[in-house]
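The structure appears right after this line, and notes come after that.
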Amino acid sequence: MFGFLFKVKFLSEFDGDRENNFTVVRFLLALLVLIGHSFPISGNGSDPVTMLIRPHAWIGSIAVGGFFAVSGFLVSASIANRSALDFAISRVLRLYPAVIAYSLVAILIIGPIASGVPLAQYFQQNPWVNMWNATLWEWNYNLPYGFPGRPFEGATNGSTWTLPAELRCYVAVFCLGVIGVFSQRPMANVILLSILYLTKSHYALLPLFGSAENFKEPLLFFVVGALFWTNRALIPLNWCVCALMLGATYYFAGTQYYFYAYIPTVAYVLFMLAYMLPHFDMDRFGDISYGVYIYAWPMQQLVWVKGQSGYVNALLAMLLVLPIAYLSWRFVESPALKLRKSLGTGGALWRKALN
């Protein structure tokens, strides 16, 4: 009856296995970010789960870290199994179309609704400068007159700060992939562990990242995810091991060793959910996690009313953001992925043209 608790599979056994739950995992992580934001956005402090685990973690930061751990794992697999050119095309078409569409929606629809001022006055403040955010190198701009009277007045989006960190991670993986780092496990381990050490101890020295302190924790999760992929042949997936890792994280909370347990445990739990639970084919509904992530905050701001509970804010925002995220998937992200596949099949021609 409890045999599943002792079942062991190595992570490498799932290479190329498309019947996994990563789409579900990403969707749940996006919802966790939404729920984590709903309490401060509504002026109610922190959610109940965070109240139990603080000051060691916050459910929103756990979810963001989970996104980066999963990304580090999957992106490392991607660069190892395709050309650098195909990898770059793939990442650009996955990351940019949705955020460009979001930026236009934010400027043309969300901004005017949220501003509470006449349309002419709104556009006199040049909201188009927000399109610079869509470059994803930095996310510095907010819409004019944004969400007046809210606890987070003026904050157009409190989630998208992670996207420039994600882009930098992709650039770093691309550079490492070009020199063949991920094709040799010993070299990959040395470089990834060196990045992990520098991130933890000498973060300011890191190119691309060092000037942005808030990118530090996402990078740690991303590198740990990459290490999981690099060493997948050595990593057993087992529920008893998962329980031990969770116990170790609890035991070391508040100590100098917490970091060494917390981040690998979050990654391990997510890979257990992705590979060791029965497959749920959420892909038939679409991969809406990206849309949920980028549209949730402004929807939560829009549905805010004074005296609202965090639960009501989360529920009302979900009623708006889920169909919006589906539309983003259906009309922006999915067509971009299809374009990616068509360009991928012609990758050899691209490479020949460049040589």
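In terms of my numbering, the sequence shown opens at residue 1049 and continues consecutively. Built from N, CA and C at the ideal position, the CB exists for glycine as well.
From the listed residues I1101, I1127, F1116 and A1146, the smallest Cα separation to R1074 is found for F1116. DSSP, read as helix, strand or coil, puts P1284 in strand. Per DSSP, Y1323 is one residue of the alpha helix (DSSP H) stretching across Y1306 to Y1323. Runs of the alpha helix (DSSP H) spanning 4 or more residues and lying entirely within the stretch 1204-1279 occur at 1210-1226, 1233-1249 and 1264-1278, in chain order. Taken through DSSP and simplified to helix, strand or coil, F1058 comes out as strand.
Under the Cβ criterion (8 Å, minimum of three pairs), the stretch 1152-1161 does not count as touching the stretch 1128-1139.
Here D1335 carries a coil assignment [DSSP, helix/strand/coil]. Comparing alpha carbon positions, the residue from V1112, F1222, V1353 and G1120 closest to L1079 is V1112. Non-local beta-carbon contacts of S1207 in its own chain, meaning distances under 8 Å to residues more than five positions away in sequence, involve V1081, H1085, Y1341, I1342, A1344 and W1345 in chain order. V1271 is positioned such that its CB atom lies closer than 7 Å to that of L1240.
Considering only Q1304, A1309 and V1229, the residue with the shortest C-alpha distance to Y1298 is A1309.
Per DSSP, the unbroken alpha helix (DSSP H) holding A1362 starts and ends at G1358 to S1376.
Cβ-Cβ separation between A1162 and L1350: approximately 6 Å, consistent with a contact (criterion under 8 Å). Contact between A1136 and F1222 is confirmed by a C-beta separation of about 6 Å, below the 8 Å threshold. Here the stretch 1213-1228 does not lie against the stretch 1190-1201, with fewer than 3 beta-carbon pairs under 8 Å apart.
DSSP places D1134 in the helix class (H, G or I) of the three-state scheme.
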